[in-house]
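Residue numbers (the working numbering): 382 to 781.
Step one of this worksheet: look at the structure below.
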Amino acid sequence: MTQEAVHTTPLPSTGWSFRSVMYDPKFRGIFFQVLTIVVLVGVVWWIAHNTAQNLARSNTASGFGFLRGRAGFEIGQSLISYSSDSTYGRAIIVGLLNTILVAVAGIITATIIGFVVGIGRLSHNWLIAKLCTVYVEVFRNIPPLLVIFFWYQGVLAVLPQPRESLHLPLNMFLNNRGLAFPKPLFDTGMWFVGAALLVGIVASVVTARWAHKRQEATGKQFHTIWVSIALVVGLPALAFLVSGMPLTFDVPIAGKFNLTGGSVVGPEFMSLFLALSFYTAAFIAEIVRAGIRGVAKGQSEAAGALGLHPSSTTRLIVVPQALRIIIPPLTSQYLNLTKNSSLAIAIGFSDLVAVGGTILNQTGQAIEVVLIWAIVYLTLSILTSIFMNWFNAKMALVER
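As structure tokens, then:
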């Protein structure tokens, strides 16, 4: 009698091994996260320790107490009162405001130009389409610093001297020292006009929302354009007349050798503003063109079948749908324009980087100044991203 061997399958081991633990996804996830944190903490500690030793070796005081010291230098363009007797902290604020001014003005102008050029590239008019294409290809393939120098040295520097200024409408003068324009002087009653303007803006927004809800509920349109003009323009104008016209102007006067009176926007700001606007607009134009191309062609065909004019189709049907494609990459261009404003140092415009560089050279507080730069640009970028994300969410399709 033969005995057959009995083959049994071994039971899984209840213990653990190094190999089984390392192949556990949960353990590996925790392990590599902890390892990353340890490495980052070690690198930060090494940098901080090395920096502290170098500062102690060079007898350089650390901290932000230097911001209370006297600046001792002038700033060409300032949105707030400033003199050489002001503190370094106030100089930093002046540079920050100049940076914000360039960024906001550039974003608005670049958006308008970009949308016009982007739509123009899709025009059925051969000349308009080719001109817009040439504009995009030229500015997209030139470094922004070169565009700044083009406006500064090639356009504004060749304008006539102040005594031969170009006389523009509304008592404005243009020369190689900038654009001179009447300076507004506000009296005490001007606050009433500002309050009326604020009320008009709020009322126009409320009216637009009411008209939108009414159209969704009943299908009836209510054209708010004239109501908005009456609220935003007419109401402040009425308040201006009632308050006794509390506004006068200091008009620039052309003298024998120079202009006197008024306000002047220097060529540094103008060249930086124009360069960043035209440069960024070329990229925005391509984003707009791609967004419009991303809308199904059937949408335009359906609008044409209903008898809508092509301009109305673009404004009411194509562009609103294209915005959902345009807004995300548009945010990146806004951030790029804000960061490219730091190139102002190349032409002597007193932005945050230029002012901070002067302070760094005078005080030697390199770490503190660089930290201020990083915090400011990081904050501006985050605020811009938050606003654009909110706007993108508002434009998103809502399921019913």
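Don't be surprised by glycine CBs; every beta carbon is placed ideally from N, CA and C.
Predicted model only: the values in this text are computed from it and were never measured.
The alpha-carbon of P525 is positioned some 50 Å away from that of Y404. A472 and L752 have their C-alpha atoms roughly 16 Å apart. Across the structure, A510 and S504 are spaced so that their CA atoms are roughly 6 Å apart.
Secondary structure remark: continuous beta strand (DSSP E) runs of at least 3 residues inside the segment 638–678, in chain order: 644–646. Within the segment 577–643, the alpha helix (DSSP H) runs of at least 4 residues that lie entirely inside it are, in chain order, 606–610, 616–623.
Every unbroken stretch of the alpha helix (DSSP H) spanning 4 or more residues and falling wholly within the segment 671–717 is given here in chain order: 678–686, 691–694. Counting the other Cβ atoms within 10 Å of the Cβ of V539 gives fewer than 16, which makes it exposed. Straight across, the Cα-Cα distance linking G535 with N721 is about 20 Å. By the neighbour-count definition (other C-beta atoms within 10 Å, threshold 16), S546 is a buried residue. A Cβ-Cβ contact shorter than 8 Å links N717 with T661. Rounded to whole angstroms, the separation of the alpha carbons of A747 and F447 is 12 Å. In the structure shown, R451 adopts extended strand secondary structure according to DSSP, grouped into three states.
Residue pairing for T468: DSSP places it in a beta bridge opposite R451. By the C-beta density criterion, A735 is buried, having at least 16 other C-beta atoms within 10 angstroms. I494 and E518 have their C-alpha atoms roughly 15 Å apart. Excluding five sequence positions before and after I726, the CB atoms of its chain that fall closer than 6 Å to its own CB belong to V734, A735, given in chain order.
In the pairwise beta carbon analysis, the segment 567–584 is classified as not touching the segment 657–671: fewer than three pairs are separated by under 8 Å. DSSP, read as helix, strand or coil, puts F554 in strand.
Closest by C-alpha distance to I489, out of S658, L761, W427, is S658. Cβ contact annotation for A656 (same chain, cutoff 6 Å, sequence separation greater than five): V528, I529, W532, in chain order. Secondary structure of H505 (DSSP, three-state): coil.
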